[in-house]
Structures are given as structure tokens and as C-alpha cells.
Amino acid sequence: MSKIFTEVRTMLASYTETTIEEFDMSEDLDRGYDMDSTELTEIARLLSERFGITVAKSERTDWKTGNDIASFVNRAAQDVEPQTAVAS
67 MSKIFTEVRT MLASYTETTI EEFDMSEDLD RGYDMDSTEL TEIARLLSER FGITVAKSER
127 TDWKTGNDIA SFVNRAAQDV EPQTAVAS
């Protein structure tokens, strides 16, 4: 697993009050974890802070699963300075 995948999974598990082991990255976030657009906006803010990326509202519409979010962050982080993308 990539570092980004692990961090996104950890963030989503914490946000949904689910253990990391139980959080299913392929589960539909709305149906499986009752996450709506307002909550995805908050996740986008957290990801922006953590990874130094910009998340446009139009990009969040494709976020159906945790895997979708991790893939997005992976792509977006490639455009960011390496030390910013992996800073703690």
C-alpha cells in the first residue's frame, strides 16, 4: 500500500469513526458510511491541509469511494513539491 492510500484510509476511518481495519476503501461512501457532499467538502479541506493540494468542487463529484479519493490525491500530489506532499 502506498503512503497516500494509507493516510487517506486513516483519515476516512477516523472521520467515520470506523477502525482502520474495518474501513472498506471500495465501499460507497454515501451508502456505506452515510457521507454526503457537506462531509466530502470537509474531507477535501483536510486533504488540502495535509497534502498541500487544491480540490475543486467539480473534482469531488467523482468521489464515490475511498479508493477514488486516494487516486485523486495521488494524482494531485504529483503536482506538489515532494516535501510538501509527504510532510507530517
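Be aware that the sequence shown starts at 67, since it is given in the numbering used here, and climbs by one per residue.
Backbone N, C-alpha and C fix where the C-beta goes; we use that ideal spot for every residue, glycine too.
- The three-state secondary structure of Thr82, taken from DSSP, is coil.
- A direct Cα-to-Cα measurement between Asp100 and Lys123 gives close to 19 Å.
- Nearest to Glu87 by C-alpha distance, out of Ser137, Ile109, Thr72, is Thr72.
- Under the three-state reduction of DSSP, Asp90 is assigned to coil, being neither helix nor strand.
- The alpha-carbon of Ser68 is positioned some 24 Å away from that of Thr127.
- Here DSSP, grouped into helix, strand and coil, assigns Thr131 to strand.
- About 6 Å separates the beta carbon of Met91 from that of Thr131, a gap short enough to meet the 8 Å contact definition.
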